[in-house]
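Visitor: Going by this note's numbering, the sequence shown opens with residue 203, and the numbers climb by one from there.
Just so you know, even glycine gets a beta-carbon here, dropped at the ideal spot from N, CA and C.
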Amino acid sequence: MVAVLIGLVPLLPLLVALGIGIDRFLWGDRGEAGEGVMARSAQAAAGGSLLLLLFLDLVALGEGAFPGQVMLFPWLESGSFRLAVSFTLDRLSLPMATLVAVVGFLTVRFSVNYMHREGGFARFFAVLSLFLGAMFLLVLAGNPGLMFVGWELAGVASYLLIGYAVERTTAVRNATVALVTNRFGDAGFLIGLLLAQRWALPLEWSELVAGAGELDNLHVGVMTGGFLVAALAKSAQLPFAAWIPRALEGPTPSSAVFYGSLMVHAGVYFLLRLEPLLLTTPILMVFLSLVGLLTIVHGAMVGLVQTDVKSAFIFSIQAQVGLMFLACGVGWFELAFWHMLAHAAWRAYPFLSAPSYMHLVQGRARPVPAWLAPSLALYALAVRRSWLDALGEMLILRPAHALARDLQTFDEWGIDRVVGHTQGGGSPSSLGEWESLSLSGHAPDSPEVAWGRGMLGRALQRLAVGCNWFEERLLLRSGREGFDRFLLRLGHYLELTDRLLAMPRYLLLLVIMTFVFLL
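1. Can you give me the Cβ contacts of Ala-550 inside the same chain, cut-off strictly under 6 Å, excluding the 5 residues immediately before and after it?
2. Pull up the distance between the alpha-carbon of Leu-213 and that of Trp-277, whole angstroms please.
3. Nearest CA to the CA of Phe-535: which residue from Ala-582, Ser-491, Leu-474 and Leu-506?
4. Sort Gly-452, Phe-289, Leu-392 and Arg-284 by Cα distance to Ala-402 and report the nearest one.
5. When we look at the beta-carbon of Arg-607 and count the other beta-carbons within 10 Å, is it buried (16 or more) or exposed?
6. Since Arg-284 sits in a beta bridge, which residues does DSSP pair it with?
7. What's the gap between the Cα of Val-379 and the Cα of Thr-372?
8. Taking 8 Å as the threshold (C-beta atoms), are Gly-423 and Leu-727 in contact?
9. For Leu-207, collect the residues of the same chain with a Cβ closer than 8 Å to its Cβ; drop the 5 residues on either side in sequence, then sort them by chain order.
10. May I ask you to report which of helix, strand or coil DSSP gives Thr-509?
11. At 4 residues or longer, what runs of the alpha helix (DSSP H) sit wholly inside the region 285-373?
12. On the premise that Ser-437 lies in contact with Val-470, defined as a C-beta separation below 8 Å, what is that separation, rounded to the nearest angstrom?
13. Say whether chain C places a C-beta atom closer than 8 Å to the C-beta of Leu-403.
14. Quick check: the Cα distance between Thr-309 and Pro-453, rounded to an integer number of angstroms?
15. Which one of Arg-232, Asp-225, Leu-296 and His-500 has the shortest CA to CA distance from Gly-344?
16. Helix, strand or coil, according to DSSP, for Val-570 in the structure here?
17. What are the partner residues of Val-272, as DSSP defines its beta bridges?
18. Alpha carbons only, please: which of Lys-512, Leu-492, Ala-544 and Thr-509 is nearest the one belonging to Gly-531?
19. Taking Gln-399 as the reference, which of Leu-506, Arg-242, Val-570 and Glu-279 has the closest Cα?
20. Once DSSP output is grouped into helix, strand and coil, what is the label at Gly-238?
21. Going by DSSP, what residue range makes up the alpha helix (DSSP H) through Leu-207?
22. Taking all protein chains shown into account, do 16 or more other C-beta atoms lie within 10 angstroms of the C-beta of Thr-611, making it buried, or fewer, making it exposed?
23. I need the DSSP call for Ala-458, collapsed to helix, strand or coil.
24. With a threshold of 16 other CB atoms inside 10 Å of the CB of Val-329, please say whether the residue is buried or exposed.
25. Cα separation between Leu-434 and Leu-440?
26. Between the alpha carbons of Glu-635 and Glu-697, how many angstroms are there, rounded?
27. Kindly indicate which residue of Asn-670, Gln-663, Met-596 and Met-465 has the alpha-carbon position closest to the one of Ala-356.
28. In angstroms, rounded to a whole number, what distance separates the CA positions of Leu-217 and Trp-445?
29. Once you ignore the five residues that flank Ala-538 on each side, which residues in its own chain have a CB closer than 7 Å to its CB?
30. State the DSSP-derived secondary structure class of Val-651, mapped to helix, strand or coil.
31. Is the region 413-423 in contact with the region 330-344, if contact means three or more CB pairs nearer than 8 Å?
32. DSSP on Pro-478, reduced to helix/strand/coil?
33. Going by beta-carbon coordinates alone, are Pro-404 and Gly-394 separated by less than 8 Å?
34. Between the beta-carbon of Val-499 and the beta-carbon of Phe-517, is there less than 8 Å?
35. Would you mind sorting Leu-486 into buried or exposed? The rule is 16 or more other CB atoms within 10 Å of its CB.
36. Could you check whether Ser-251 and Ala-303 sit closer than 8 Å to each other, using their CB atoms as the reference points?
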């Protein structure tokens, strides 16, 4: 019975998100007429998940023990590798999941009136339901594989709601910045998963901790370090702190549930889940303490000079989450747990009331503290947000943009030519296009080709066309001119490949891949 109930908790909002998407696909945007059904569906799903979790809380209280590991069914099996759809109901996950359900239900209810008559009403509630289902998966997952599914779905939902106003360039750009930055954390998560699988560790949380105890500290530290990078990125800690202020471009309810209350604490929750592994690697504990301390200073300083309500809130939240990282770094995991629950429960309210507060203060900004104003260096540091935006642009966005540009070039000059896509010139750009022109008789040098019948005949006809093209273009045209041109072009592409591999980003990628394969 417990297995069925806990499986329904993430399934209800995910089904609502899917249903709204199907409704939008089949019948389009029905405007205000469709708002009632979508809002009631989202509220019913969030409320249903909340009631299920409250019932499981009562069961745990009545029995005096948490249900523990709940196995639903196998997911992936290959040799010794096994990954199941399982959930963990313990003193860490059950309270956090209940808090997610409470905050999620209140946010959905608040959003019904707040988003009324908005153009993307259906899209908003579909993505909000997707996010709630993702958070339930993230918190309740019995293994890091299933947790990664929730982790990624939450990131996708975050991207979609930051860029909710698709007509605004700033919103789309900020959504892309948040997405690209969090991909670095996702890469760390994947490295941790791959190393756990490489060292034949079982992936259920309890078994993973027990199996890691048989490895040496170096192996445990490398695997846990990958998970730690994911936690830092998701909770916007240094050096990934610059993306979260940009995320405020989304509607106020999404800011409240994502960055004010729930998703910003996902990294802290991950650290609490990794507590046994962290305790065996003192160097990572020291690193955690240092990162948490620097993030506290950054968030507190920058928050003092903000002139809008949501930015002041978000930097205050960042400093508080940094305090939780610091607590984990010094071994106070119990304190970090209660701090996380209390902070997540409280922070949703200031964000949801931010529009009313803005009307109350009527645009008046608080003055800069007296101790900060005389120091130009500290004031510049705070106003420029520790120059993290410029640093992120240089270290994250530019390499990502350069990689995308390289992939586009490869697509245009490699893939398009292979599949026969027209490049917009007067002459054929690929064998496929040349063949089409030749068979239609429009090419000036189209060869005489006999028409084949049947599958074998058509195959032989295509082979003849290809051989004729090779002979005409590479061997017979002006002696060896065609073949020489082919060799020169091949040399040009090889030289281009060599230059690309010499660039720092590709050298770093090769080093990382070599390191992973060797481990």
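Guide: Concretely, from the data shown:
1. Along the sequence shown, one-based indexing puts residue 550 at 348. Non-local beta-carbon contacts of Ala-550 in its own chain, meaning distances under 6 Å to residues more than five positions away in sequence, involve Val-305, Ala-458, Gly-462 and Ser-463 in chain order.
2. On the sequence shown, residue 213 is found 11 positions in, with the first residue counted as 1. On the sequence shown, residue 277 is found 75 positions in, with the first residue counted as 1. Their backbone Cα atoms lie some 16 Å apart in a straight line.
3. Taking the first residue of the sequence shown as position 1, residue 535 is located at position 333. Measuring from the Cα of Phe-535, the nearest candidate turns out to be Leu-474.
4. The residue given as residue 402 occupies position 200 in the sequence shown. The option with the nearest alpha carbon to Ala-402 is Arg-284.
5. Within the sequence shown, the letter at position 405 stands for residue 607. With fewer than 16 other Cβ atoms within 10 Å, it is exposed.
6. As a working mapping, residue 284 is identified with position 82 in the sequence shown. Glu-279.
7. Along the sequence shown, one-based indexing puts residue 379 at 177. Along the sequence shown, one-based indexing puts residue 372 at 170. Their backbone Cα atoms lie some 10 Å apart in a straight line.
8. Residue 727 falls outside the range modelled here, since the chain spans only 203 to 721, and no answer is possible.
9. Here residue 207 refers to the residue found at position 5 when the sequence shown is read from its first residue. Here the set comprises Leu-254, Phe-257 and Leu-258.
10. Along the sequence shown, read from residue 1 onward, the residue named residue 509 stands at position 307. DSSP places Thr-509 in coil when its eight states are reduced to three.
11. Segments of the alpha helix (DSSP H) lying fully in the region 285-373: 295-316, 323-342 and 346-364.
12. Residue mapping note: residue 470 aligns to position 268 of the sequence shown, counting from 1. Residue mapping note: residue 437 aligns to position 235 of the sequence shown, counting from 1. The pair is a contact, with the Cβ atoms about 6 Å apart (cut-off 8 Å).
13. The structure shown contains no chain C, having only a single protein chain.
14. Residue numbering aside, residue 309 sits at position 107 when the sequence shown is read from its first letter. Residue numbering aside, residue 453 sits at position 251 when the sequence shown is read from its first letter. Cα to Cα, Thr-309 sits roughly 12 Å from Pro-453.
15. On the sequence shown, residue 344 is found 142 positions in, with the first residue counted as 1. Here the closest residue by C-alpha is Leu-296.
16. Looking up residue 570 in the sequence shown gives position 368. Here Val-570 sits in coil by DSSP.
17. On the sequence shown, residue 272 is found 70 positions in, with the first residue counted as 1. DSSP lists Phe-289 as partners of Val-272.
18. Walking along the sequence shown from the start, residue 531 turns up at place 329. Per the Cα distances, Leu-492.
19. As a first step, residue 399 must be located in the sequence shown, where it is residue number 197. The option with the nearest alpha carbon to Gln-399 is Glu-279.
20. Numbered from its first residue, the sequence shown carries residue 238 at position 36. Helix.
21. For the purposes of this step, residue 207 is taken as the residue at position 5 of the sequence shown. 204-229 is the extent of the alpha helix (DSSP H) around Leu-207.
22. What you label residue 611 is simply residue 409 of the sequence shown in a count that begins at 1. So Thr-611 counts as exposed.
23. Numbered from 1 along the sequence shown, position 256 holds the residue referred to as residue 458. Helix at Ala-458.
24. Within the sequence shown, residue 329 is the residue found at index 127, counting from 1. Buried is the call here.
25. Reading the sequence shown from its first residue, position 232 is the one you call residue 434. Reading the sequence shown from its first residue, position 238 is the one you call residue 440. The alpha-carbon atoms of Leu-434 and Leu-440 are separated by roughly 7 Å.
26. Reading the sequence shown from its first residue, position 433 is the one you call residue 635. Reading the sequence shown from its first residue, position 495 is the one you call residue 697. In this prediction, Glu-635 has a pLDDT of 48, which is less than 50 and means its spatial position is unreliable; nothing more can be read from the coordinates.
27. In the sequence shown, residue 356 corresponds to position 154, counting from 1. Out of Asn-670, Gln-663, Met-596 and Met-465, Met-465 has the C-alpha closest to the C-alpha of Ala-356.
28. One-based indexing of the sequence shown puts residue 217 at position 15. One-based indexing of the sequence shown puts residue 445 at position 243. Going by the C-alpha atoms only, they are around 30 Å apart.
29. In the sequence shown, residue 538 corresponds to position 336, counting from 1. Excluding positions up to five away in sequence, the list reads Val-470, Leu-474, Met-526, Ala-529 and Cys-530.
30. Looking up residue 651 in the sequence shown gives position 449. Any reading at Val-651 needs caution, since the residue's pLDDT is 46, under 50, leaving its predicted position unreliable; the model's value is listed next. Val-651: coil per DSSP, three-state reduction.
31. no
32. Stepping through the sequence shown from its first residue, residue 478 is reached at position 276. Helix at Pro-478.
33. Sequence index remark: in the sequence shown, residue 404 carries index 202 (1-based). Sequence index remark: in the sequence shown, residue 394 carries index 192 (1-based). Against a cut-off of 8 Å, the Cβ pair of Gly-394 and Pro-404 comes out as no contact.
34. As a first step, residue 499 is located in the sequence shown; it is residue number 297 there, counting from the start. As a first step, residue 517 is located in the sequence shown; it is residue number 315 there, counting from the start. Not closer than 8 Å, so no.
35. If you number the sequence shown from 1, residue 486 lands on position 284. Burial call: buried.
36. Translated into positions along the sequence shown, residue 303 becomes position 101. Translated into positions along the sequence shown, residue 251 becomes position 49. Yes, Cβ-Cβ distance for Ala-303 and Ser-251 is below 8 Å.
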